[in-house]
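Before any comments, here is the structure.
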Amino acid sequence: MKRLSLFLCLVLAVAATAPAQTKHRPSSVFKTAPAIQYPGDGYMVAGEYWNTIKPMNTETPNGVEDPLRDQGALHWITLGPDGSNWLEPNGHWPGGYNLTQLWRDGTRLLFPVFEADGWTEPLRPGETADDRYMFAYYHPNVPGADDPERNFKNTARFVDDARTRLVHEAGFPTTAGLDFKIRTHQYTANEQNLNDFVVMEISVTNTGVVDANADGTPELTEHALDALAISAWTLPTIAVRITTTAGRSNRFGAGRTFGYLGAPESGASHPIFSWYANVPPGRTNNRTLPADGRRLFGVNDGRILEGYTDVWSGFTFLGARQGTYEEATGEDKTTLFGTPAVGEGAEAGWYTSATNQEGSLHNINQSDLVFNSAVAAFYENYGRTGDITTIDLSPNGRLFSSGTAGDVTTFGEAAAGVRPDGDFKYGSETVSKEAGIQQPVWEEALNNGGDFYDGVIGFTQEYTFGQTVNYGMGPFGLEVGESMTMVFVAAGGFRWDGLSDAVDAAKWAWEKNWDVSDELPTPPAPDVNVESTQDGTAVIRWTDVSGLGEVDGYKIYRSSQFKRTAWTDVGFRAVDRYHHQHEVVAEIPESLLDPINPNFDAFAEFQGETQNFYQP
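Put into C-alpha cells, the structure is as follows:
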C-alpha cells in the first residue's frame, strides 16, 4: 500500500508529546459540555459533517414539543440538539464551524402507524386524529422496556483499529409492537466526500405485541401491522451563529431557500431535500434576476457580508431492505403497493413524498397528518397543488384503479413505471413554474438546460418560520416477526456538487455494507489533543505513530496569525481537498479547489479590510 502522510495546521508555537491512545474509544474532543452530554446518545463528530443522534430512549427530554416528555416517553429520533440548547452538533458543515444550518430542534424522524380497524385507546395526548392512526411511541411501561437486549444505548465507538469509522447503536421497544434498532455510521477519511455525511440504518421488527396506551398490558398479540411510514421533519435556518455558551445570533440577510432538488431528469444521481443560502428575496422580486454585481447568494449574511460560503445541507432516504441491519439480506422491501421504497435510475425518488406546508398538512404531534404527509405521493392530492383546501385522500389515479379514500390498505397494486403525483415534490411540473419555483437555482447541474427559474425540476421556495422540511417514505406492511431496515442520510457540502457527492458516497458505502477499507484505503485517524501552556506554547498529544501502520509520520505547519485570506480565493473551497495540500507554496493550486459558483458576481459589495477575509 502506498505510504500516506497526515498533517496538522497550527497557529501556535509547538512543543509535542505523543502518548498512545486506546484504539476504539472516541477521542476526548468528541465530548460536549457535561451539562448536555447524555450517556448513549451518538455524538457523530469524527468526520467533516457533525451531528448528534438522540434515540427515543434518550435520558434527556429531547424536544419541548412532546406531550409525554416528562414521563420519559418520546415518539421521534432526533438528529441534533434537544430543543433547549445550541451546543450539541446540529448538522454542521464544515464540522465545528460556528454557523449552523438547522434550528436547535434539529431533525426529527417520526414513525406513524395505521390500523384500518382502529387502535384501542392509542397513546395520543392532545391529538385530534381518528383512532386508525398513532405514533410508534417509546414509553418506559411498554413490554420489553426492562429488557437490556431490546432497550439499550451504546456510546459511539470506532469499530476498526484504524479509527476510520465511528458507529453508534441504540434499540428500544414501542407502543405499536415495533422494536427498533438503529445504527449510525460516520467516516473519518476526507476522501471522495466520505466524511461529509451521517447515515443511519433504522431496523424495525414487528413483535406483534401492541400496548397502544402504554399501561404495561398489551391489547393485541400476534398483530400484523397494516402500515408503517417514516417522516423526516426539520426546521432549516441556513445561517445561525452559535457560541460556546449556547448563545446564538441570526444571520438572515441572505435568501433562505429549501426544496426538493436533483430529480433524475436534471442528471443528478439521487434527489435530495435541500436547503441553502440564496440571493436575498428583495433582489428577485416578481421572479426577476438580480442586476449584474448583485448576485449575493452563498453569503450567509447579506448585511455584514462576512464571506462567500455557499454551504448546502440536505437529507434523503437511500431505500429500504428486508431484515434487520445485522442480517444484510440485500433484498428490497417494497411498499404496500409493490413499488420500490424510493426508486432507482430514472425513477429515483419517485415513491417518496414531499410537502411544502406546515400545520395543516403536517404536525409533529399529530399522527394522521404525519402519516398522510409521509405517503402523500400515493394519494390523489395531499399538497400536490400547494392548496390545502383541495386535499383528496383517494388513491392516486395515475397508479390505482380502485380503493377507499383514506385507507391505504385498499389501494391495491400500483401501476409499474408510473410516477405518482399526489405530493408537491414535482411542483414545478405538476402545478406550474411560478407555484413550484419561487427562488432561483444558480447551479447549472440542476437547471436542466434552462434558466435559473424555469429549468429546475422539483421545487424551491423561500423558507419562512411557517414552513418546515417534510419528507417521507412508505407505507410498509409488517407481518408478525418480520423485520425491515430503512436507511436515512443527512449530509452537507460546498455547493450542490458537494452535497450530492456526499449522498452518493453514503449510498456507495451502504452498497459495500459499510466496509470500504479495501476500496478506499486511508491512513488511520490519530487521537489529537492541543493544550496551551503558561509560557505561550502549545502541547500537542497524538497517537504514537508506531501504532498507525503504513504511515510515515505527521506534518505540522506553523503559520502566522495575522495572515488573512479571502473566502472567494480559498474559503470553504479547500475543505474537501485539504489533506492533499501538503506542499508549502505561495498560493494553493487551483486544481485543489472546488470552483466557486460562476454566477456569483457580488465581489464589489465586500467592503473594508475585514469583510470577506478570514484567518485560515
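Here the working numbering is used: the first residue of the sequence shown is 81, the next is one more, and so on.
Ideal placement from N, C-alpha and C gives every residue a C-beta, glycine not left out.
From a predicted model like this one, the values you see are computed outputs, not experimental measurements.
*Between which two residues does the alpha helix (DSSP H) harbouring V279 extend?*
Looking at the DSSP string, V279 is not in any alpha helix (DSSP H); the run it does join, the beta strand (DSSP E), is 277-286.
*For the region 223-235 and the region 157-174, state whether three or more C-beta atom pairs, one from each stretch, are separated by less than 8 Å.*
no
*Element boundaries [beta strand (DSSP E), containing L341]*: 335-341
_Alpha-carbon to alpha-carbon, T244 and S108_ = Low per-residue confidence applies at S108: pLDDT is 49, beneath 50, and the placement is therefore not dependable enough to give any value.
*Compare the Cα-Cα distances from D211 to each of H219, E195, A605, L182 and report the closest residue.*
E195
*Of the listed residues S440, H350, I444, Q402, nearest to G425 (C-alpha basis)*: H350
_R375 burial status per 10 Å Cβ neighbour count (16 or more: buried)_ = buried
*Look at E128 and W173 and say whether their C-beta atoms are less than 9 Å apart.*
yes
*Sorted by chain position, which residues of the same chain lie with C-beta nearer than 8 Å to D732's C-beta, five sequence neighbours on each side aside?*
For residue 732 there is no data in the structure shown, the boundaries of the chain being 81 and 696.
*Could you tell me how far apart the beta carbons of L300 and V193 are, in whole angstroms, since I believe they sit closer than 8 Å?*
About 12 Å separates the two Cβ atoms, so there is no contact after all.
*DSSP three-state call for S107: helix, strand or coil?*
Note that S107 has pLDDT 48, beneath the 50 cutoff, so the model's placement of it is unreliable and no number is given.
*State yes or no: is the C-beta of R184 within less than 9 Å of the C-beta of R328?*
yes
*N380 vs G373 beta-carbon contact at 9 Å*: no
*In the structure shown, what three-state DSSP assignment does H659 receive?*
helix
_Measuring only the C-alpha atoms, how far is A589 from Y267?_
10 Å
*Measure the alpha-carbon distance for S482 versus G492 and round it to whole angstroms.*
8 Å
_Taking its Cβ as the centre, do 16 or more other Cβ atoms sit within 10 Å of R575, making it buried, or is it exposed?_
buried
*asked:* Tell me the rounded alpha-carbon separation between E559 and I310.
replied: 17 Å
_According to DSSP, V379 sits in a beta bridge with which residue or residues?_
Y388
_In this structure, how does DSSP classify K643 when only helix, strand and coil are distinguished?_
coil
*asked:* What residue range does the alpha helix (DSSP H) around A585 cover?
replied: 575-591
_Going by beta-carbon coordinates alone, are V289 and G257 separated by less than 9 Å?_
yes
_Nearest residue (CA-CA) to T404, options E514, N286, L308, G516_ = N286
*How many Å lie between G335 and N273 at the Cα?*
26 Å
_Measuring alpha carbon to alpha carbon, tell me which residue in N231, S447, I636, M566 is nearest H662._
I636
*In terms of alpha-carbon separation, which member of S164, D227, V247, N275 lies closest to A582?*
N275
_G516, enclosing alpha helix (DSSP H) - first and last residue_ = 513-516
*Exposed or buried, which one is N366 when buried takes at least 16 other CB atoms within 10 Å?*
exposed
*asked:* Among the candidates A605, E689, A684, whose CA atom is the shortest distance from the CA of L246?
replied: A605
*P344, buried or exposed, once every other Cβ within 10 Å from all chains shown has been counted against 16*: buried
*With a floor of 4 residues, list each alpha helix (DSSP H) that falls wholly inside the region 446-522, ordered by position along the chain.*
447-454, 507-510, 513-516
*Determine the direct distance from the alpha carbon of I444 to that of L308, and round the result to whole angstroms.*
16 Å
*Leaving out five residues before and five after D448 in sequence, what residues of the same chain have Cβ atoms less than 7 Å from its Cβ?*
A209, D210, Y213
*Please classify F568: is it buried, with 16 or more other beta-carbons within 10 angstroms of its beta-carbon, or exposed?*
buried
_How far does the beta strand (DSSP E) with P555 in it extend, from its first residue to its last?_
549-558
*What's the gap between the Cα of F353 and the Cα of F395?*
6 Å
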